[in-house]
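There are 2 protein chains.
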Amino acid sequence: MATLSDVARRAGVSPATASRVINGSSKPVTDELRERVLAAVAELQYVPNAHAQLLARSHRSAVGVIVHDVSDPYFAEITRGLQRVATDQGRLLMICNSYRDPDRELEYVELLRGHQVAALILAGSGYHDEAFTRQLNEKLAAYEATGGRVAVIGRHEHSGDAVMPDNRAGGYLAGRELCGLGHRAIGVIAGPRILTTTTDRLAGLRQALTEQGRELPERRIRYAEFDRDGGAEAAARLLDADPELTAIVALNDSMAIGALATLRARGLSVPQQISVLGFDDMPIARDVTPALTTVRLPLVHMGVRAMSLVLGVGAPTPRVEVLPAELVRRDTAGPVPRATRATAGSAPRARRGDASS
Amino acid sequence: MATLSDVARRAGVSPATASRVINGSSKPVTDELRERVLAAVAELQYVPNAHAQLLARSHRSAVGVIVHDVSDPYFAEITRGLQRVATDQGRLLMICNSYRDPDRELEYVELLRGHQVAALILAGSGYHDEAFTRQLNEKLAAYEATGGRVAVIGRHEHSGDAVMPDNRAGGYLAGRELCGLGHRAIGVIAGPRILTTTTDRLAGLRQALTEQGRELPERRIRYAEFDRDGGAEAAARLLDADPELTAIVALNDSMAIGALATLRARGLSVPQQISVLGFDDMPIARDVTPALTTVRLPLVHMGVRAMSLVLGVGAPTPRVEVLPAELVRRDTAGPVPRATRATAGSAPRARRGDASS
DNA sequence: TCCCTGCGGGAAAGGGCTTTCTCTGCGGTA
DNA sequence: TACCGCAGAGAAAGCCCTTTCCCGCAGGGA
Chain A
108 MATLSDVARR AGVSPATASR VINGSSKPVT DELRERVLAA VAELQYVPNA HAQLLARSHR
168 SAVGVIVHDV SDPYFAEITR GLQRVATDQG RLLMICNSYR DPDRELEYVE LLRGHQVAAL
228 ILAGSGYHDE AFTRQLNEKL AAYEATGGRV AVIGRHEHSG DAVMPDNRAG GYLAGRELCG
288 LGHRAIGVIA GPRILTTTTD RLAGLRQALT EQGRELPERR IRYAEFDRDG GAEAAARLLD
348 ADPELTAIVA LNDSMAIGAL ATLRARGLSV PQQISVLGFD DMPIARDVTP ALTTVRLPLV
408 HMGVRAMSLV LGVGAPTPRV EVLPAELVRR DTAGPVPRAT RATAGSAPRA RRGDASS
Chain B
108 MATLSDVARR AGVSPATASR VINGSSKPVT DELRERVLAA VAELQYVPNA HAQLLARSHR
168 SAVGVIVHDV SDPYFAEITR GLQRVATDQG RLLMICNSYR DPDRELEYVE LLRGHQVAAL
228 ILAGSGYHDE AFTRQLNEKL AAYEATGGRV AVIGRHEHSG DAVMPDNRAG GYLAGRELCG
288 LGHRAIGVIA GPRILTTTTD RLAGLRQALT EQGRELPERR IRYAEFDRDG GAEAAARLLD
348 ADPELTAIVA LNDSMAIGAL ATLRARGLSV PQQISVLGFD DMPIARDVTP ALTTVRLPLV
408 HMGVRAMSLV LGVGAPTPRV EVLPAELVRR DTAGPVPRAT RATAGSAPRA RRGDASS
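Residue numbers (my numbering), protein chains in the order written: chain A, 108 to 464; chain B, 108 to 464.
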């Protein structure tokens, strides 16, 4: 690999001058020398060694991002928001997937710290795990002590800047909607127990049901992986245990789509026989059939806000921005069947707004 | 930030010794000193400066990856394959999104070269653009000249190692399937004209039709962005221009899903009134309703192979691996309607299996 | 007793770049 | 004519590590 001094030698100038030309330094260089340097760069196909550069100008610019999995639409959307702001500011993003492994998360904090990132953003649910949380906070504190900025998205266990989707309110919205439609036998497909997001959404849901004098017994909750297959399987277990269910809430859209697949396989029509609610409103939610009724989270905006916090001027007190959830009514949630399946047997029921007209 | 010499000073040893302890060097260090160093590391929360390390051991290990967009399922799957192999070998991946911007692609090659990656993988269609192709090849050649390894996925304009999904054969498969089902009026939703992938898939499709004595006039092709909205819009334009269509081939699944949305909005039933074929078989294809008939590409495997090529021993001659496409029959492609809409004039026609039966 | 060997440790030389500091030579002012 | 100031270039000091090379010392064999 050609180095700067190769270029300098070829151009017949000092490395200092070559560097100034290449980096467009403010220090003036005569056109003559500039030309020569540029020519040498082109001839040698010179590309500066990024590590040497980063080392020399101990000037942190990149931003580290730790997400559960970028290819999960939830994080893809958040990342889009992060990127947008970062690009505007000419920042490079280093994105790491923890795949929901706390240890890997810890490792990545170190890795990114080692890479001298100017800021660190952790996106995705926290864990109900005291020891881990303490360790993480220690690492983050150490990082912040050296001038690093930290923001988290959707996890409350950290003391610094945070962007919080209102998971609890979202759960509440879902619950209220189903109650309003008359549902009583509601099953829940929850994410992993250890995630705080699961707990929060569940808490909101439960609150809504309780307020309406209904309840959410543990036997109507299934905990599964936060993905399509987890949802499909959990729906099956839920239905096996409790065929009376008239509605299922999935705590994210991927799981809801899995549930839809299970229902279709079992010949249950949605929403005539059973209603389904998702959570997150990922882009695909509108394209499944029937289109998914879900709780929307402003995912892109969450990313935008987090990156803005972290790149903006540091506030004396940590800022917490809570972003609202919103119910998006589409076609998977309908009124509870007049006669529940238990009474009516297996006869198909009319579609909502169909049979009557 | 604490540095290695801070650690050394605190432990009362030389930086050399500290380095040896921290990196588990083969050179022996007494337990006593080792302990002291480790203690100092813990107390100072020391993390080595990655740039300094990378600079000092001029040992390239990371691998650079340029894709169009990781959050696009097509690339997400490929990336999964890349990651799998890379992780097994303890390699770090640097992934960059070009968002189908050739200039950005060029920039990223430089960037990654500057970051001293051991290898470079370019995934995603090439461009019909002589000037760009030449520039890219020059840059890649320069990189290879300094010992870098290069592999491309799905683009043929590079001379080195390549993994090629058989786009043409896939297009052929799609065409043959539709011919077999009796379709004649076939519309195509193609990706951007400038992409070689578009051309290849289209060529295969056209070949199949031609062999069956049918044809694919330009007026039945719409070029659009390779995403859901592009597909939705192109389907609308296609239908407006040619209401006789009995089948639509979308050149990727995202566009097919968009087309499905348009058809649903227009009250056309799939596959009774019109058939739809996708391409790629991304995971969501089985979850839309009706489930998408599509051409499967071994996306994960493509990633696995590319990374293996690039990390394996260099072959004297560039290796090109062609990976087969495969038709996946699901529910969006059916036989051509008995009476095509053409014969029946423009009066609204009954849905198949509806009014007539 | 002397020399050689090998072990454990430190000194120092890079690795490739940025940037401050220093130097030279020129034009302009008194 | 003498001096000052400044523009433009280079020398050199880092940035933070790794790794080679070297040194001192203890133990073992002759």
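No residue lacks a Cβ here, since even glycine has one placed at the ideal position from N, Cα and C.
Here the structure is a predicted model, which is why all the values come from computation and not from measurement.
Less than 8 angstroms between the beta carbons of B/Thr305 and B/Ala315, yes or no?
Contact: no.
Taking only beta-carbon positions, decide if A/Ser415 is within less than 8 angstroms of chain B.
No, no contact with chain B.
Measure the C-alpha to C-alpha separation of B/His241 and B/Leu199 and round it to an integer number of angstroms.
Note that residue 241 of chain B is Arg in the sequence shown, not His. Cα to Cα, the separation comes out at about 29 angstroms.
Is the Cβ of B/Ile381 closer than 8 angstroms to any Cβ of chain A?
No, no contact with chain A.
Along the region 203–234 of chain B, what residues have a CB closer than 7 angstroms to any CB found in chain A?
Within the region 203–234 of chain B, the residues whose Cβ lies closer than 7 angstroms to some Cβ of chain A are Glu217, Arg220, Gly221, His222 and Gln223, listed in chain order.
Quick one: does B/Ala454 have its CB under 8 angstroms from some CB of chain A?
Interpretation of B/Ala454 is limited by its pLDDT of 39, a score under 50 that renders its predicted location unreliable; no figure is taken from the coordinates.
With distance defined between alpha-carbon atoms, name the residue in A/Ala331, A/Leu302, A/Val429 and A/Asp349 nearest to A/Pro209.
Nearest C-alpha to A/Pro209: A/Leu302.
Does A/Arg187 come within less than 8 angstroms of chain B when only Cβ atoms are used?
Yes - at least one Cβ of chain B is within 8 angstroms of the one on A/Arg187.
List the endpoints of the continuous beta strand (DSSP E) containing B/Thr401.
Start and end: Thr401 to Arg403.
If I measure Cβ to Cβ from B/Pro299 and keep anything under 8 angstroms in the same chain, skipping five residues before and after, which residues do I get?
Once the five neighbours on either side are set aside, the close Cβ partners of B/Pro299 are Arg207, Thr305, Tyr330, Ala331, Glu332 and Phe333.
Beta carbons nearer than 9 angstroms to chain B: which residues of the region 289–302 of chain A have them?
Residues passing the 9 angstroms Cβ filter: none.
Taking DSSP's pairing of strands, which residues face B/Tyr206 in a bridge?
In DSSP, B/Tyr206 forms no bridge with anything.
Residues of chain A with CB under 7 angstroms from B/Gln152, in chain order?
Ala249, listed in chain order.
Closer than 8 angstroms to chain B by CB, A/Pro135:
Against chain B, the CB of A/Pro135 has no partner CB under 8 angstroms away; the residue lies outside that interface.
Inter-residue Cα distance where the pair is B/Ala149 and A/Gly277
B/Ala149 and A/Gly277: Cα-Cα distance of roughly 42 angstroms.
For B/Arg335, which residues of its own chain have a beta-carbon under 8 angstroms away from its beta-carbon, when the five flanking residues on both sides are left out?
Within its own chain, the residues whose Cβ lies closer than 8 angstroms to the Cβ of B/Arg335, once the five positions on either side in sequence are excluded, are Ser361, Met362, Ile364, Gly365 and Ala368, listed in chain order.
Alpha carbon to alpha carbon, how far is B/Gly233 from B/Ala449? Give it in angstroms, no decimals.
Since pLDDT at B/Ala449 reaches only 44, below the 50 mark, its modelled position is unreliable, and the value read off the structure follows with that caveat. Straight-line Cα distance between these residues: approximately 39 angstroms.
Quick one, which of B/Ile173, B/Glu184 and B/Tyr181 has its alpha-carbon nearest B/Val224's?
Of B/Ile173, B/Glu184 and B/Tyr181, the residue nearest in Cα terms is B/Ile173.
Along the chain, where does the alpha helix (DSSP H) that runs through A/Ala343 open and close?
Arg335 to Ala348 is the extent of the alpha helix (DSSP H) around A/Ala343.
Closest to B/Pro155 by CA distance: which of A/Leu162, A/Ile293, A/Asn156 and A/Val154 is it?
Considering only A/Leu162, A/Ile293, A/Asn156 and A/Val154, the residue with the shortest C-alpha distance to B/Pro155 is A/Leu162.
Starting from B/Met271, trace the beta strand (DSSP E) both ways and give me its first and last residue.
Where B/Met271 is concerned, the enclosing beta strand (DSSP E) stretches over Asp268 to Pro272.
For A/Glu322, does the count of other Cβ atoms within 10 angstroms reach 16, so buried, or fall short, so exposed?
Exposed: under 16 other Cβ atoms inside 10 Å.
So who's on the other strand from A/Tyr361, going by DSSP bridges?
Note on residue identity: the sequence assigns Ser, not Tyr, to residue 361 of chain A. Paired residues: none, contrary to the question.
Please work out which residues of its chain come closer than 7 angstroms, Cβ to Cβ, to A/Asp461, disregarding the five sequence neighbours upstream and downstream, and give them in chain order.
Any reading at A/Asp461 must be qualified, since the residue scores a pLDDT of 37, below 50, and its modelled position is unreliable; the value itself is stated next. Excluding positions up to five away in sequence, the list is empty.
Note down, in chain order, every chain B residue with its Cβ under 9 angstroms from the Cβ of A/His265.
Chain B residues near A/His265: none, gap ~17 angstroms exceeds 9 angstroms.
For the 8 angstroms Cβ check, are there 3 or more pairs between the region 246–257 of chain A and the region 183–197 of chain B?
Per the Cβ contact rule, the region 246–257 of chain A is not in contact with the region 183–197 of chain B (fewer than 3 Cβ pairs under 8 angstroms).
Spatial neighbours of A/Leu151 within its chain, please: C-beta separation below 7 angstroms, excluding the five flanking residues on both sides.
Listed in chain order, the non-local C-beta contacts of A/Leu151 below 7 angstroms within the same chain comprise Ala109, Asp113, Val114 and Arg117, local neighbours out to five positions each way being set aside.
Excluding five sequence neighbours on each side, which residues of the same chain lie with their C-beta closer than 6 angstroms to the C-beta of A/Gly289?
Closer than 6 angstroms at Cβ, skipping near neighbours: Pro442 and Val443.
What does a CB cutoff of less than 8 angstroms around B/Ala310 pick up in its chain, not counting 5 residues either side in sequence?
Excluding positions up to five away in sequence, the list reads Arg275 and Gly278.
Quick check on this structure: which residue in B/Asn130, B/Ala248, B/Ile355 and B/Gly197 has the alpha carbon closest to the alpha carbon of B/Gly282?
Looking at B/Asn130, B/Ala248, B/Ile355 and B/Gly197, the one whose alpha-carbon comes closest to that of B/Gly282 is B/Ile355.
Roughly how many angstroms lie between the CA atoms of B/Pro390 and A/His263, to the nearest whole one?
Here the alpha carbons of A/His263 and B/Pro390 stand approximately 32 angstroms from one another.
Using the rule of at least 16 other Cβ atoms within 10 Å of the residue's Cβ for burial, across every protein chain shown, is B/Gly419 buried or exposed?
So B/Gly419 counts as exposed.
Beta-carbon within less than 6 angstroms of B/Ala157's beta-carbon, same chain only, minus the 5 sequence neighbours each way: which residues are those?
Cβ within range, chain order: n/a, list empty.
Neighbouring residues, chain B, relative to A/Pro156 (Cβ below 8 angstroms)
A small fix is needed here, since residue 156 of chain A is Asn in this sequence, not Pro. What A/Asn156 touches in chain B: Leu162, Gly221 and Gln223.
Taking buried to mean at least 16 other C-beta atoms within 10 Å of its own C-beta, is B/Pro405 buried or exposed?
Its Cβ being crowded by 16 or more others within 10 Å, B/Pro405 is buried.
On the DSSP letters alone, give me the boundaries of the beta strand (DSSP E) that A/Arg329 sits inside.
Note, A/Arg329: beta strand (DSSP E), Ile328 to Tyr330.
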